[in-house]
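Trainee: Line by line, the protein sequences are chains A and Y.
The first sequence begins at 1147 in the numbering used here and counts up by one.
The second sequence begins at 1147 in the numbering used here and counts up by one.
Protein chains: 2
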Amino acid sequence: MQISDELGLPARQSASTVHHIRWLEDIFSNQPAEHLLAGQSVFLEGDEAEYVFQISEGALRLFRIIADGRRIITGFLYAGDILGISARGRYLYNVEAVSRTTLRRVRRKRFERVVSENSRLQPEILSVISDEIAAAQEQMVLLSTKNAEERVCTFLCKFSNRHGLTEQQMRRVDLPMCRQDIADYLGMTIETVSRTFTRLINKGIVRIENAFARQAILIEKPLLLAQLAGDDDDCFDVREKSVVHGGGRRH
Amino acid sequence: MQISDELGLPARQSASTVHHIRWLEDIFSNQPAEHLLAGQSVFLEGDEAEYVFQISEGALRLFRIIADGRRIITGFLYAGDILGISARGRYLYNVEAVSRTTLRRVRRKRFERVVSENSRLQPEILSVISDEIAAAQEQMVLLSTKNAEERVCTFLCKFSNRHGLTEQQMRRVDLPMCRQDIADYLGMTIETVSRTFTRLINKGIVRIENAFARQAILIEKPLLLAQLAGDDDDCFDVREKSVVHGGGRRH
DNA sequence: CGCTATTTTGAAAGGGCTCAAGAGTAGTGG
DNA sequence: CCACTACTCTTGAGCCCTTTCAAAATAGCG
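Encoded structure:
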């Protein structure tokens, strides 16, 4: 149920760790690294929210299971990301390792003490939480308006543009998660995800690097991919447009 | 852009105000009441997050406008709810009054000062934020798995069970928002919302109280409504079920 | 009482889901 | 090295639910 086995993975610190959360990171840096294999659980929905985690390497999936057994993945977390800050008494979702993952944990009590002692951490906490809410909202937008192709393109864009990647890494995407994960995250079936990938390949937008690596995707036309994601970030002209509700049909 | 006119609505304090946020409320109680008409804006996405608000009466809609002009309502806020806590530098979404609404505001600076001075407020802040994230996740679940009927039933259930309502108020639901609002919130078209309501009426689950009031809905069979919402809260047996991913089909 | 905005209803079309089978990939052991 | 098994992923065909487009009905308001 909790991280059990500490198998002896090489505990090398990812050089491309992180960035955006300078000071918070220091809280974790002295903690021992814990290693997880793909599929191992970090905590479950409803568990007492005793710890705050930071991912050193790898990827986690956050998900809930609903009554009929279906799984909804509400997000993925990657190296550098922090997990568990926003939990009140109990965790709101299940967390598992997508692939081999290294993380560090501190007790919530200690975490909060350190934060309250160091005034410049306060805004960073808020920043982390704010990001989490922003991500949730983007996901709501995706789920309520985007079609299959837009969803997959959005996913690939976001994954390839996540923090702490080199230019090269951005064009050659090594997806750690399987099709079912992607499907459960994007609110579609595995079949539709697969079909959509095939369509993107046929269009020459991405290419599957079938060389032995598990799932390497080469983004051939990053700009087109971004366009197909349909975010069109030129959307801050809301206050100019005479926004008629239900303007462009569809919903 | 900001709340402009202070029209002289009777500033009576809703007796059924709130509850869950005892101490935070005190921060707002001395502030002057501001009155908004239906449709008036509180703030826009991207505005500097200068204030924190509490709703005294009425309802707000939180929404974003995407590139093609469509509107996604990410949430509604009601009497007693607090708005703007989770914003970092700038607000993440637009906020408008759904109906006549009364609210109070405090400057973020002051708000944060008061909070940091009073240690028992800290957990309440976290609680508010945690609720916001929980709501966002429930919405993701709704958008990625539920069909039209389940969505509408979920909406009615949540609205009728929101905090601070008497037993009577729970069975006689006065929806302040229009069909288009509901559609944009549930990720469906106004036509489908309408059709779904009709179906629920034909099934005898709800009844429209057409007496002069704007939109009064009588919930005839609350239990059935809750069942049709499909949340089946007996879902905390996750750790027992051998959860096979992609268990019950559909996604 | 007419005008407009909102809501409801109808018929047709489409996109993604479902069910089912095939192709590819890994891991195992003879 | 290659069969054998177990998975994951891909492809195909039909169907169903929601959307779309269009029009009628109802409510709101001067």
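Think of the CB as a built atom: it goes at the ideal place given N, C-alpha and C, for glycine as much as any other residue.
Can you check DSSP and say which residues form a bridge with Glu-1355 (chain A)?
Mentor: According to DSSP, Glu-1355 (chain A) bridges with A:Ala-1362.
Trainee: At a cut of 8 Å, does the region 1259 to 1271 of chain A reach the region 1238 to 1249 of chain A through at least three beta carbon pairs?
Mentor: As far as the Cβ criterion goes, the region 1259 to 1271 of chain A does not touch the region 1238 to 1249 of chain A, which means the pair count is below three.
Trainee: Should Ala-1362 (chain A) and Asp-1320 (chain A) be called a contact, given that it needs their Cβ atoms to be closer than 7 Å?
Mentor: In contact: Ala-1362 (chain A) and Asp-1320 (chain A) (Cβ atoms closer than 7 Å).
Trainee: Return yes when the Cβ of Glu-1242 (chain Y) is within less than 7 Å of the Cβ of Ser-1187 (chain Y), no when it is not.
Mentor: Yes. Within cutoff.
Trainee: Three or more beta-carbon pairs under 8 Å between the region 1213 to 1225 of chain Y and the region 1275 to 1295 of chain A, yes or no?
Mentor: Flag = yes, the region 1213 to 1225 of chain Y and the region 1275 to 1295 of chain A touch.
Trainee: So for Ile-1149 (chain Y), helix, strand or coil by DSSP?
Mentor: At Ile-1149 (chain Y), the pLDDT of 42 sits below 50, so the modelled position is not reliable and the matter cannot be decided from this model.
Trainee: Beta-carbon of Gln-1315 (chain A) versus every beta-carbon of chain Y: anything under 7 Å?
Mentor: It does not; no Cβ of chain Y falls within 7 Å.
Trainee: Closer than 9 Å, Cβ to Cβ, to anything on chain Y: give me those residues from the region 1233 to 1263 of chain A, in chain order.
Mentor: For the region 1233 to 1263 of chain A, which is checked against every Cβ of chain Y, the residues closer than 9 Å are Ala-1233, Arg-1234, Gly-1235, Leu-1238, Tyr-1239, Asn-1240, Glu-1258 and Ser-1262.
Trainee: Is Asp-1377 (chain A) buried or exposed, if buried means 16 or more other CB atoms sit within 10 Å of its CB?
Mentor: Buried, since its Cβ has 16 or more Cβ neighbours within 10 Å.
Trainee: Please report the residue range of the beta strand (DSSP E) in which Arg-1207 (chain Y) lies.
Mentor: Segment 1205 to 1211, the beta strand (DSSP E) holding Arg-1207 (chain Y).
Trainee: For a contact defined as C-beta to C-beta under 8 Å, what are the partners of Thr-1342 (chain Y) on chain A?
Mentor: The premise fails here: Thr-1342 (chain Y) is roughly 14 Å from chain A at the closest Cβ pair, so nothing lies under 8 Å.
Trainee: Can you pull out the residues from the region 1278 to 1289 of chain A whose beta carbon lies closer than 7 Å to at least one beta carbon of chain Y?
Mentor: The residues in question are Glu-1278, Ile-1279, Ala-1280, Ala-1282, Gln-1283, Gln-1285, Met-1286, Val-1287 and Leu-1289.
Trainee: Are Leu-1249 (chain A) and Glu-1296 (chain A) touching if we call contact CB-CB under 7 Å?
Mentor: No, they are not a contact pair.
Trainee: Among Y:Ile-1347, Y:Leu-1206 and Y:Leu-1374, which one has its Cα closest to the Cα of Leu-1364 (chain Y)?
Mentor: When each option's Cα is compared against that of Leu-1364 (chain Y), the closest is Y:Ile-1347.
Trainee: If you check the beta carbons only, do Arg-1122 (chain Y) and Leu-1183 (chain A) fall under 7 Å apart?
Mentor: What the structure shows of chain Y is the stretch from 1147 to 1397, and residue 1122 (chain Y) is not part of that stretch, so it cannot be assessed.
Trainee: How should Ser-1413 (chain A) be labelled, buried or exposed, when 16 other C-beta atoms within 10 angstroms of its C-beta is the threshold for buried?
Mentor: In the structure as shown, chain A starts at 1147 and stops at 1397, and residue 1413 (chain A) therefore has no counterpart that could be examined.
Trainee: With respect to the alpha helix (DSSP H) encompassing Val-1260 (chain A), which residues constitute its N-terminal and C-terminal limits?
Mentor: 1254 to 1263 is the span of the alpha helix (DSSP H), which, as asked, contains Val-1260 (chain A).
Trainee: What residue does the alpha helix (DSSP H) around Ser-1232 (chain Y) start on, and which one ends it?
Mentor: First-last for Ser-1232 (chain Y): undefined, no H or E at that position.
Trainee: In angstroms with no decimal places, state the Cα-to-Cα distance between Ile-1351 (chain Y) and Leu-1206 (chain Y).
Mentor: Looking at the two C-alpha atoms, the distance is approximately 27 Å.
Trainee: Exposed or buried, what is Pro-1322 (chain A) when buried is set at 16 or more other beta-carbons lying within 10 Å of its beta-carbon?
Mentor: Buried, since its Cβ has 16 or more Cβ neighbours within 10 Å.
Trainee: Along the chain, where does the alpha helix (DSSP H) that runs through Asn-1293 (chain Y) open and close?
Mentor: No alpha helix (DSSP H) contains Asn-1293 (chain Y), which DSSP labels as neither H nor E.
Trainee: Using the Cα positions of Asp-1227 (chain A) and Leu-1332 (chain Y), report the straight-line distance between them to the nearest angstrom.
Mentor: Roughly 30 Å between the two C-alpha positions.
Trainee: Would you say Val-1339 (chain Y) and Arg-1318 (chain Y) are within 7 Å of each other, going by their C-beta atoms?
Mentor: Contact flag unset, no.
Trainee: Name the DSSP beta bridge partners of Val-1188 (chain A), please?
Mentor: Its beta-bridge partners do not exist; DSSP assigns none.
Trainee: Starting from Asn-1348 (chain Y), trace the alpha helix (DSSP H) in both directions and tell me its first and last residue.
Mentor: Element bounds for Asn-1348 (chain Y): 1336 to 1348.
Trainee: For Val-1298 (chain A) and Thr-1342 (chain A), what's the separation of their Cα atoms in angstroms?
Mentor: Rounded to the nearest angstrom, the two C-alpha atoms are 7 Å apart.
Trainee: Can you tell me the Cα-Cα spacing of Leu-1267 (chain Y) and Arg-1345 (chain Y), whole angstroms?
Mentor: Looking at the two C-alpha atoms, the distance is approximately 46 Å.
Trainee: Of all the residues that make up the region 1171 to 1185 of chain A, which are near chain Y by a beta-carbon distance shorter than 9 Å?
Mentor: So nothing in the stretch comes that close.
Trainee: Give a yes or no on whether the C-beta atoms belonging to Met-1334 (chain A) and Ala-1281 (chain A) are separated by under 7 Å.
Mentor: No, the pair does not count as a contact, with Cβ atoms beyond the cut-off.
Trainee: In three-state DSSP terms, what is Ala-1179 (chain Y)?
Mentor: In the structure shown, Ala-1179 (chain Y) sits in coil (DSSP, three-state: anything other than H, G, I, E or B).
Trainee: What span of residues does the alpha helix (DSSP H) with Leu-1371 (chain A) cover, start to end?
Mentor: 1368 to 1375 is the span of the alpha helix (DSSP H), which, as asked, contains Leu-1371 (chain A).
Trainee: Taking only three categories from DSSP, how would you classify Val-1287 (chain A)?
Mentor: If DSSP states are grouped into helix, strand and coil, Val-1287 (chain A) belongs with the helices.
Trainee: Put Ser-1202 (chain Y) into one of helix, strand or coil per three-state DSSP.
Mentor: Ser-1202 (chain Y): strand per DSSP, three-state reduction.
Trainee: How many Å lie between Pro-1178 (chain A) and Asp-1172 (chain A) at the Cα?
Mentor: Cα-Cα distance, rounded: 13 Å.
Trainee: Please state whether the Cβ-Cβ distance between Arg-1246 (chain Y) and Phe-1199 (chain Y) is less than 7 Å.
Mentor: No.
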